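Residue numbering for the sequence shown is -13 to 56, as defined by the numbering used here. For every residue, glycine included, the Cβ atom is placed at its ideal position computed from N, Cα and C. Just so we're clear, the structure is a prediction, and the values are computed from it rather than from any experiment. As structure tokens, the structure follows; a few thoughts come after it.
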Amino acid sequence: MSVNSENDSSELPKEWWTVAYTRSGGRYSETERLSSEKTAKRKRQAILNTYDDILSIELIQETQLAWDSE
């Protein structure tokens, strides 16, 4: 017998973060999916420290909602 709880983590939205940036010459890149905003912010700062030709950089949050399939 299964019991559903309001605190069941499988029902919560899943979130990922990606850092997207454009360098001079139009070179666009995205990082792999990152598991937390804190990690994404650190990755963003590392990119800014690595390249001196960043034209734009942004954090992208992706959310996957859990849908009831029954």
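Look up residue i in the DSSP assignment and give the residues it is bridged to.
{"i": "Q50", "result": "K0"}
{"i": "Y83", "result": "The shown model of the chain, from -13 to 56, leaves out residue 83, and the question about it has no answer."}
{"i": "L20", "result": "W3"}
Classify residue i: buried if its beta carbon has 16 or more other beta carbons within 10 angstroms, exposed otherwise.
{"i": "M(-13)", "result": "A caution first: M(-13) carries a pLDDT of 44, below 50, which makes its placement in the model too unreliable to give a value."}
{"i": "E48", "result": "exposed"}
{"i": "N(-7)", "result": "Summary for N(-7): the model assigns pLDDT 48, below 50, so the residue's position carries little reliability, and this model does not support an answer."}
{"i": "D39", "result": "exposed"}
So which of the options has the shortest CA-CA distance to residue i?
{"i": "W2", "options": "Q31, I43, K27", "result": "K27"}
{"i": "I43", "options": "S21, K0, E23, Q31", "result": "Q31"}
{"i": "K0", "options": "G11, N35, E23", "result": "E23"}
{"i": "Q50", "options": "S21, G12, G11", "result": "S21"}
{"i": "G12", "options": "L41, K29, L45", "result": "L41"}
Could you tell me how far apart the beta carbons of residue i and residue j are, in whole angstroms, since I believe they sit closer than 8 Å?
{"i": "R19", "j": "Y37", "result": "No, R19 and Y37 are not in contact; Cβ-Cβ is about 21 Å, not under 8 Å."}
{"i": "Y14", "j": "I33", "result": "Not a contact, Cβ separation roughly 13 Å."}
{"i": "T17", "j": "T4", "result": "6 Å"}
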